[in-house]
Amino acid sequence: MKQKLNLEQSLKMKMNQSLLQSINLLQYTGLEMVEYISQLSKENPLIEEVNYDYEIYNYQTSNAGQTSIGEMNAKTLTMYEQLKSQLYTLEIPEDLKDAVLFGIDSLDEDGYLDIDLSLWAEQCGMTIDETSEALRYIQALEPAGIGARSLKECILLQLNDSTSVAYKLLDEYMELVAGEDITEICSALGTTEEEAVQAIEQIKLCHPRPGQLLSDNRADYIIPEATIYEEEGTWKISFFKWNSPVIEVNQEYVNFQTEEKEAAAFLKEKLNQVNWLKKAISYRSDTLERVISKIVEKQQLYLEHGPFMMQPLTLKEIAVELDLHISTVSRAITNKYVQTKHGVLPLKFFLQSGVRQQDGNQTSSFVIKQIIHELIQHESKNKPLSDQKIKDRLQKEFGITAARRTIMKYREQLGFPSSNKRKG
Numbered sequence: 000m001k002q003k004l005n006l007e008q009s010l011k012m013k014m015n016q017s018l019l020q021s022i023n024l025l026q027y028t029g030l031e032m033v034e035y036i037s038q039l040s041k042e043n044p045l046i047e048e049v050n051y052d053y054e055i056y057n058y059q060t061s062n063a064g065q066t067s068i069g070e071m072n073a074k075t076l077t078m079y080e081q082l083k084s085q086l087y088t089l090e091i092p093e094d095l096k097d098a099v100l101f102g103i104d105s106l107d108e109d110g111y112l113d114i115d116l117s118l119w120a121e122q123c124g125m126t127i128d129e130t131s132e133a134l135r136y137i138q139a140l141e142p143a144g145i146g147a148r149s150l151k152e153c154i155l156l157q158l159n160d161s162t163s164v165a166y167k168l169l170d171e172y173m174e175l176v177a178g179e180d181i182t183e184i185c186s187a188l189g190t191t192e193e194e195a196v197q198a199i200e201q202i203k204l205c206h207p208r209p210g211q212l213l214s215d216n217r218a219d220y221i222i223p224e225a226t227i228y229e230e231e232g233t234w235k236i237s238f239f240k241w242n243s244p245v246i247e248v249n250q251e252y253v254n255f256q257t258e259e260k261e262a263a264a265f266l267k268e269k270l271n272q273v274n275w276l277k278k279a280i281s282y283r284s285d286t287l288e289r290v291i292s293k294i295v296e297k298q299q300l301y302l303e304h305g306p307f308m309m310q311p312l313t314l315k316e317i318a319v320e321l322d323l324h325i326s327t328v329s330r331a332i333t334n335k336y337v338q339t340k341h342g343v344l345p346l347k348f349f350l351q352s353g354v355r356q357q358d359g360n361q362t363s364s365f366v367i368k369q370i371i372h373e374l375i376q377h378e379s380k381n382k383p384l385s386d387q388k389i390k391d392r393l394q395k396e397f398g399i400t401a402a403r404r405t406i407m408k409y410r411e412q413l414g415f416p417s418s419n420k421r422k423g
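Position 40, counted from 1, in the sequence shown is what numbering that gives the first Met the number 0 calls 39; the numbers after and before it change by one each time, with no gaps.
Put into structure tokens, the structure is as follows:
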């Protein structure tokens, strides 16, 4: 009985270590994986050589009108990594941890939440109340303002004092802030002129894009995982060699025989490490290939025809069709990029929420944003389009139904002010 118990414990430990390494490696980019394996090779005498395309350090490509793309400095943490590194300071319930990680990955580069709570709940298989709670944990991270859904919420999070004059001014009389009409503010809030001026100055000190405080201001350098291309009418995926490094083992150490228990145990441990590592590399490659293949299948129209053919696609949809857990798909696409004829794109870009239409089908939010951008770019400067007029034109000219508040949200995300402020 005792031998059986020890065998079960040993097997369980081995499976846990192998699984843990597979999960860790899955979320690494190609460069991060190469550097991780290179570091292990210095500590493991059994690893004689790691074969991969050494051009990874010289890889460079560029696209017209885009920032040059090349080597990424792995020592620079992204905004997402910095936020995740803070999570240990919070006591997050176990059943909310995946939702919190998903929420962080759903922030845009300015730190704003770029997904509706209902879609977030759907993709994580949770209720809206649970995702709302997950959002509160994200909004507790630094810098203040992270996880906001609007500029107003962003600044209120930074003010963080519902009893202050500045908070009440922004919360109840936001329209007075831009005009800085001190007399009107004093009248509305019943404050002194000095308090009103201090409130305006306090609001001005808040950062409208808190995510930028965690970003590296240097040019973004990216190494893609694969190239997506069309050949004879078929879309294909070609992975770069650095995604499947080959580990060569020193056979002399493998075959080395010794009666010293410590030395034998050490070599056995290092051999197990190599075997786990090989399995983890294979798991990462297979999972990434399956996920990218599914994305290519679902977004073929975009790849062929461009932005206006982007289709709605969710993590949950990919996970269900591939019979994978949502968190596995999330790890597989995080910080991963692919080369396409439309440029080097993050895999996350291909996941787009949709707006349901009257016929039951959905139109990608990305497509709606593209049309809004085009309409505003070509509007009359003397008579700029209001959100209602944009809504009407979407319906009449493109057959797209969207609520006015949705139009306003997308316009703000595109960086366009209201029609009154675009006039002139």
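Yeah, the Cβ is synthetic: ideal placement off N, Cα and C, and Gly gets one too. Owing to the predicted nature of the structure, the values given are computational and were not obtained by experimental measurement.
Of the choices the options, whose alpha-carbon is the least far from that of residue i?
i: P306; options: L350, I291, Y111; result: L350
i: R392; options: E373, K380, N381, K408; result: E373
i: E80; options: R208, G189, E90, S105; result: S105
i: S84; options: E288, I103, K277, Y172; result: I103
i: T77; options: I36, D180, I221; result: I221
i: V337; options: I367, K277, N360, V295; result: V295
i: E229; options: E261, E174, Y301, A165; result: Y301
i: D322; options: R289, F365, S37; result: R289
i: S385; options: V366, R330, R410; result: R410
i: M309; options: A318, K297, Q157; result: K297
i: K267; options: L413, N43, H324; result: N43
i: A120; options: Q299, K388, V343, L314; result: L314
In whole angstroms, give me the CA-to-CA distance for residue i and residue j.
i: C153; j: I46; result: 50 Å
i: L140; j: L82; result: 7 Å
i: S21; j: L95; result: 22 Å
i: L118; j: S326; result: 15 Å
i: D113; j: T226; result: 27 Å
i: A279; j: S243; result: 10 Å
i: V395; j: Q356; result: In the sequence as displayed, the identity of residue 395 is Lys instead of Val. Each residue's alpha carbon lies about 13 Å from the other.
i: E129; j: G110; result: 21 Å
i: S292; j: D107; result: 25 Å
i: I399; j: V354; result: 9 Å
i: S186; j: T162; result: 18 Å
i: E115; j: E171; result: It should be pointed out that residue 115 corresponds to Asp in this sequence rather than to Glu. Straight-line Cα distance between these residues: approximately 24 Å.
i: A402; j: Y35; result: 48 Å
i: T362; j: I370; result: 12 Å
i: K240; j: P223; result: 11 Å
i: L287; j: L25; result: 8 Å
i: F101; j: G146; result: 12 Å
i: I406; j: S379; result: 18 Å
i: I367; j: C205; result: 31 Å
i: A262; j: E247; result: 21 Å
i: V328; j: G232; result: 28 Å
i: L312; j: K408; result: 20 Å
i: N271; j: L155; result: 53 Å
i: S418; j: F397; result: 21 Å
i: N360; j: N381; result: 36 Å
i: M125; j: L30; result: 34 Å
Hey, quick one: how far does the beta strand (DSSP E) through residue i stretch, first residue to last?
i: F101; result: Not the beta strand (DSSP E): F101 falls in the alpha helix (DSSP H), residues 96 to 104.
i: N50; result: 46 to 50
i: T286; result: Where T286 is concerned, there is no enclosing beta strand (DSSP E), although the alpha helix (DSSP H) it sits in stretches over 260 to 297.
Tell me, which residues are paired with residue i by DSSP?
i: T226; result: S237, Q338
i: R404; result: R404 is not bridged to any residue.
i: T362; result: V354
i: E247; result: E48
i: V343; result: Q338
i: L112; result: L106
Counting along the chain, where does the alpha helix (DSSP H) carrying residue i start and finish?
i: I145; result: That residue, I145, is in no alpha helix (DSSP H); it is neither H nor E in DSSP.
i: E192; result: 192 to 203
i: K380; result: Note, K380: premise wrong, no alpha helix (DSSP H); not H, not E.
i: T327; result: 325 to 332
i: G178; result: 173 to 178
i: N419; result: 418 to 421
i: M78; result: 78 to 83
i: Q211; result: Counting along the chain, Q211 falls outside any alpha helix (DSSP H), and DSSP gives it neither H nor E.
i: D128; result: 127 to 137
i: G29; result: 29 to 42
Just to confirm my understanding: we take residue i, look at its own chain, exclude 5 residues before and 5 after, and list those with CB closer than 8 Å. What are they?
i: V176; result: L168, L169, I199, I202
i: V245; result: V49, N50, Y51
i: M0; result: Since pLDDT at M0 reaches only 39, below the 50 mark, its modelled position is unreliable, and the value read off the structure follows with that caveat. No residues qualify anywhere along the chain.
i: V99; result: L86, I91, A133, Y136, I137
i: S131; result: L116
i: L150; result: P207, E411
Could you name the residues of the same chain whose beta carbon sits closer than 6 Å to that of residue i, not counting the 5 residues immediately before and after it, in chain order?
i: S40; result: I46, V49
i: K422; result: P383
i: K347; result: I332
i: G64; result: Residue placement at G64 is poorly supported in this model, since its pLDDT is 37, which falls under 50; the coordinates are not used for a value here.
i: V164; result: T190, E194, A198
i: D97; result: S326
For residue i, collect the residues of the same chain with a Cβ closer than 7 Å to its Cβ; drop the 5 residues on either side in sequence, then sort them by chain order.
i: E192; result: I181, C185
i: K420; result: none
i: M173; result: K151
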